[in-house]
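Engineer:
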Amino acid sequence: MSTQSEVSAGRRSGAPMGVFERYLTVWVLLCIIAGIGLGSLFPGVFQAIGRMEVAQVNLPVALLIWLMIIPMLLKIDFHALREVGQHWKGIGVTLFINWLVKPFSMALLGWLFIRVLFADWLPAEQLDSYIAGLILLAAAPCTAMVFVWSNLSDGEPHFTLSQVALNDAIMIVAFAPLVGLLLGISAITVPWDTLLLSVVVYIVIPVIISQVLRRMLLASGRLDRVLKTLQPWSLLALLSTLVLLFGFQGQQVLAQPLIILLLAIPILIQVYFNSMLAYWLNRHFGVAHCVAAPSALIGASNFFELAVATAIALFGFNSGAALATVVGVLVEVPVMLSVVAIVNHTRGWYEAGIQHQHTQEETS
């Protein structure tokens, strides 16, 4: 592996979980309260912000999303794509889960729970929008937090870095067609012009900006310092976006507080299903635990920042889609920490299975 990729892998995967990340669920709950309160006190301000659009892109939200996403993408070293062959089994399992199993299983779970099982407890006019939000949430794998999860599970840093770089490269070309396909299958109208514009605004442009900045910062030796400086601003942008969302969604949430719990159920099921399927497949193929653990975590996690931005662009602040993506933010940290605990506590079982496979191969 190149020296640059080696250093990047060590730094990125070794990043500890800070106070903001560890208590993200608490901050999200506080943002829900703040957003609902401010939306009730100053409805005119939120309506004015909602009207600040150019070509269906809300300018304040676009700036906040860029501030969220660009620092995350600064961590990605696309040179790591040269190393994907070193862990090809783990890479293959993760790609299978991320791009085939997870999006389609979420579309199925969304239809089952939202349109069938929970339909009587949810606003009828928002059912399609809730399903769309769940699809958006599952359509792109997480970029930033997986380095934290990998570190907590003693994951192989070079695998994590190369897998995230590959996922981000695929996302540039696959996100829009995948979302369009799943929304179409779910009988939800797809505004293709807005969807493609969202990909350009929230994926392509941030990737270009981040990689240009990364080259400049690496050349000057300031990358780590700038990342530390940007990290709190990135989280502040996320929390500000959530305050805006709940400023618009507040009355609906107050009228039907059960909505958040109902939306969380299919999200929780898909996280545990996809992570455990990835974990089992890696064990079946004899992949080392240090690769299987981050593979399971990458396979289960969601790029919720992109999902929130796309939901707002496609369906608006007041939509059920935007609310569904925010529920994904709400459950992300505690759920992923529980998956970390599972893969750590089952390491002995996992490695015993690998050893048994090796013994059978030697005696056959």
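Sequential numbering from 20 applies to the sequence shown in the working numbering.
Virtual Cβ for every residue (Gly too), placed ideally from N, Cα, C.
Going by beta-carbon coordinates alone, are Ile68 and Val272 separated by less than 9 Å?
Structural biologist: Taking the first residue of the sequence shown as 1, we reach residue 68 at position 49. Taking the first residue of the sequence shown as 1, we reach residue 272 at position 253. Contact flag unset, no.
Engineer: Which of helix, strand or coil does DSSP assign to Leu276?
Structural biologist: As a position in the sequence shown, residue 276 is number 257, starting the count at 1. Residue identity check: residue 276 is Pro in the sequence provided, not Leu. Looking at Pro276 - three-state DSSP - the assignment turns out to be coil, as it is neither helix nor strand.
Engineer: Can you find the residues in the same chain that come closer than 8 Å, C-beta to C-beta, to Gly305, ignoring five residues on each side of it along the sequence?
Structural biologist: Taking the first residue of the sequence shown as 1, we reach residue 305 at position 286. Cβ neighbours of Gly305 beyond the five flanking positions: Lys108, Ile373, Gln376 and His377.
Engineer: State yes or no: is the C-beta of Leu43 within less than 9 Å of the C-beta of Val359?
Structural biologist: Position 24 of the sequence shown, counted from the start, is the residue given in the question as residue 43. Position 340 of the sequence shown, counted from the start, is the residue given in the question as residue 359. Cβ atoms of Leu43 and Val359: not closer than 9 Å.
Engineer: Residue range of the alpha helix (DSSP H) that Thr209 falls in?
Structural biologist: Counting from one through the sequence shown, the residue named residue 209 turns up at place 190. A small fix is needed here, since residue 209 is Val in this sequence, not Thr. Taken as a continuous stretch (DSSP letters only), Val209 belongs to no alpha helix (DSSP H), as it is neither H nor E.
Engineer: Taking only three categories from DSSP, how would you classify Val431?
Structural biologist: There is simply no residue 431 to check, as the chain begins at 20 and stops at 383 in what is shown.
Engineer: For Glu10, which of helix, strand or coil comes out of DSSP?
Structural biologist: With the chain covering only 20 through 383, there is no way to say anything about residue 10.
Engineer: What separation, rounded to the nearest whole angstrom, lies between the Cα atoms of Ser320 and Val327?
Structural biologist: Walking along the sequence shown from the start, residue 320 turns up at place 301. Walking along the sequence shown from the start, residue 327 turns up at place 308. One C-alpha to the other measures close to 14 Å.
Engineer: With DSSP as the reference, please indicate the residues paired to Pro160 in a beta bridge.
Structural biologist: Position 141 of the sequence shown, counted from the first residue, corresponds to residue 160. DSSP lists Asn321 as partners of Pro160.
Engineer: Taking the alpha helix (DSSP H) that His177 belongs to, which residues open and close that run?
Structural biologist: By 1-based counting over the sequence shown, the position of residue 177 is 158. From DSSP, the alpha helix (DSSP H) with His177 extends over Pro176 to Ile204.
Engineer: So, with DSSP's three-state summary, where would you put Asn337?
Structural biologist: Locating residue 337 in the sequence shown gives position 318, where the first residue counts as 1. Here Asn337 sits in coil by DSSP.
Engineer: Let's test the definition: count the other Cβ atoms within 10 Å of the Cβ of Gly33 and tell me whether it reaches 16, buried, or not, exposed.
Structural biologist: Looking up residue 33 in the sequence shown gives position 14. Because Gly33 carries a pLDDT of 47, less than 50, the predicted location of this residue cannot be relied on, and the following value inherits that uncertainty. Exposed: under 16 other Cβ atoms inside 10 Å.
Engineer: Under DSSP, the alpha helix (DSSP H) around Lys121 begins and ends at which residues?
Structural biologist: For the purposes of this step, residue 121 is taken as residue 102 along the sequence shown, with counting starting at 1. Taken as a continuous stretch (DSSP letters only), the alpha helix (DSSP H) holding Lys121 covers Lys121 to Gly129.
Engineer: Given a threshold of 16 other Cβ atoms within 10 Å of its Cβ, counted over all protein chains shown, does Thr208 qualify as buried or as exposed?
Structural biologist: For the purposes of this step, residue 208 is taken as residue 189 along the sequence shown, with counting starting at 1. Classification of Thr208: exposed, given that the 10 Å Cβ count is below 16.
Engineer: Grab me the residues of Leu83's own chain with a C-beta within less than 7 Å of its C-beta, minus the 5 sequence neighbours each way, in chain order.
Structural biologist: In the sequence shown, counting from the first residue as 1, residue 83 sits at position 64. Counting only Cβ-Cβ distances below 7 Å, and skipping sequence neighbours, we find Ala256, Ser259 and Thr260.
Engineer: Do Gln105 and Ser314 have their C-beta atoms closer together than 9 Å?
Structural biologist: Here residue 105 refers to the residue found at position 86 when the sequence shown is read from its first residue. Here residue 314 refers to the residue found at position 295 when the sequence shown is read from its first residue. No. Outside cutoff.
Engineer: Asp147: which of Gly240, Ala343 and Phe322 sits nearest, CA to CA?
Structural biologist: As a first step, residue 147 is located in the sequence shown; it is residue number 128 there, counting from the start. Checking every option, the nearest Cα to that of Asp147 belongs to Ala343.
Engineer: Looking at the unbroken alpha helix (DSSP H) that takes in Phe115, where does it start and where does it end?
Structural biologist: Mapped onto the sequence shown, residue 115 falls at position 96. Element bounds for Phe115: Trp107 to Phe115.
Engineer: Residues in the same chain with beta-carbon distance under 8 Å from Ala53, minus the five sequence neighbours each way, listed in chain order, please.
Structural biologist: Taking the first residue of the sequence shown as 1, we reach residue 53 at position 34. Correct list, in chain order: Val262 and Phe265.
Engineer: Phe267 and Gly63 look like a contact to me (Cβ under 8 Å); what is the Cβ gap, rounded to whole Å?
Structural biologist: What you label residue 267 is simply residue 248 of the sequence shown in a count that begins at 1. What you label residue 63 is simply residue 44 of the sequence shown in a count that begins at 1. In fact, because the Cβ distance is near 13 Å, the residues do not count as touching under 8 Å.
Engineer: What are the partner residues of Asn77, as DSSP defines its beta bridges?
Structural biologist: Against the sequence shown, residue 77 aligns to sequence position 58. DSSP output for Asn77 lists Glu72 as bridge partner(s).
Engineer: Hey, Leu282 and Val346 are a contact pair by Cβ (cut 8 Å); roughly how many whole angstroms apart?
Structural biologist: Counting from one through the sequence shown, the residue named residue 282 turns up at place 263. Counting from one through the sequence shown, the residue named residue 346 turns up at place 327. Indeed, because the Cβ distance is near 4 Å, the residues count as touching under 8 Å.
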